[in-house]
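Here's the structure, in structure tokens; my notes come after.
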Amino acid sequence: HLMFLVRDWSFPYEYQFGGIGGNKLLDARLKIQPTHQAEHQTVRRHIRTCFSRVSCFLLPHPGLKVATNPTFDGRLSDIDPEFVNELRVFVPTVLSRSSLQVKKINGEMINCREWLTYFKAYMEIYQGDTLPEPRSMLEATAEANNLNAIMTCQEYYSEEMNKVCGADKPYVNPHELEATHNRAFNGALQKFNGIRKMGGESYAAVYLERLKNQLQQLANEYRVSNTNKNIFQTFRTPAVFAVMLFIFYVVTGISEFIGLSSVTNMLLVPFYMALVTLFTWLFLSYTGRAPEVAQAIDNTADIVVQKVMIPMVQRIGTRGVEHLIGVEVPRQNPPSR
């Protein structure tokens, strides 16, 4: 809704004060005349198509006390009564509950967050000492319009991902997480392309790429969050060394039982090394000291998992162990005949 508010209207005998006279004046001023230049005719022709409603309201002069008194403080007793009467008609037409309407830009309803984005865009172009060019205002509107589309699509993506792997959801299989990401990612892109935007396709393509990058960042955050929910991932390093200690203990016990003392003595060295490494990791993790040493121990545990445990899982073929350690086991396709 575009409203022209005209104050100090001095010709009430031609067009009376208020909305009725204002709309008549507006119709007269927007009427296209053969003497008008082409650009003026275009403005008059298109101004009503750019807004769902265009109106005008005429206000009289507020009085000499308002115009000439340097200490005027806004009290109604100093304002001309006729101006106050017209103001009491005008204000409800703008601020009354029945007059409040959902704002639309480019035919799309906008919420408070999107409205704030437009305000920020307009504040930037009005910060200078001169009035901005109409093209600058159009570009600011198009930018805010595309930014709002990005935020809407990000909300859609987050809602879809939270249904499967939100903060209150348990750990999910990485395959299911990626499937959900692909579905939400494609849905967000379709939603972005379906939103009416200003600036044209080439202008929107820049923001489409920005949306893709931001969605990938969100996807990485969901992946990290999901990994942290895996209990084994949290205790991966101590679990790996505990398994190693158990294996060394069993093997040394069997070797001692069958009389292979040399094998037992040979395994004692890696056994105590693993034991010392485990207690070192627990101490560093608890105190937060020497994080680079703790990271090196974590890397060692990862190497053991990748080089030893995964090949064992491949040979055993136990899907339960694969789910337990939270590692996707690569499988080789059988050779084609």
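The opening residue of the sequence shown carries number 51 in the working numbering; numbering runs sequentially from there. The C-beta atom is built at its ideal place from N, Cα and C for all residues, glycine as well. These numbers were taken from a predicted model, which means no experiment stands behind them.
Between the beta-carbon of residue 75 and the beta-carbon of residue 56, is there less than 9 Å?
yes
For residue 136, which residues from the same chain have a beta carbon less than 7 Å from its beta carbon, with the 5 sequence-adjacent residues on both sides left out?
67, 68, 109 and 110
Could you say which of 127, 123, 326 and 356 lies nearest to residue 12 if we only look at CA atoms?
Residue numbering for the chain in the displayed model covers 51 to 387; residue 12 lies beyond these limits and cannot be assessed.
Alpha helix (DSSP H) segments (min. 4 residues) lying fully within the segment 127 to 209
131 to 145 and 162 to 175
Taking only runs that begin and end inside the segment 198 to 265, name each unbroken alpha helix (DSSP H) of 4 or more residues, in chain order.
224 to 244
For residue 68, which residues does DSSP report across the bridge?
108
If you check the beta carbons only, do residue 51 and residue 151 fall under 9 Å apart?
yes
Best match in 218, 173, 160 and 234 for proximity to residue 30 [C-alpha to C-alpha]:
Any property of residue 30 remains undetermined from this structure, which presents the chain solely from 51 to 387.
With a threshold of 8 Å (Cβ to nearest heavy atom), would residue 235 be considered close to the ligand ATP?
Ligands displayed in this structure: none; no statement on the ligand ATP is therefore possible.
Between residue 214 and residue 272, what straight-line distance do the alpha-carbon atoms span, to the nearest angstrom?
Cα to Cα, residue 214 sits roughly 10 Å from residue 272.
Look at the Cβ atom of residue 157, then the Cβ atom of residue 106, and state whether they are nearer than 9 Å.
no
Residue 253 to residue 140, Cα distance in whole Å?
40 Å
According to the neighbour-count rule (16 or more other Cβ atoms, all chains shown, within 10 Å of its Cβ), is residue 144 buried or exposed?
exposed
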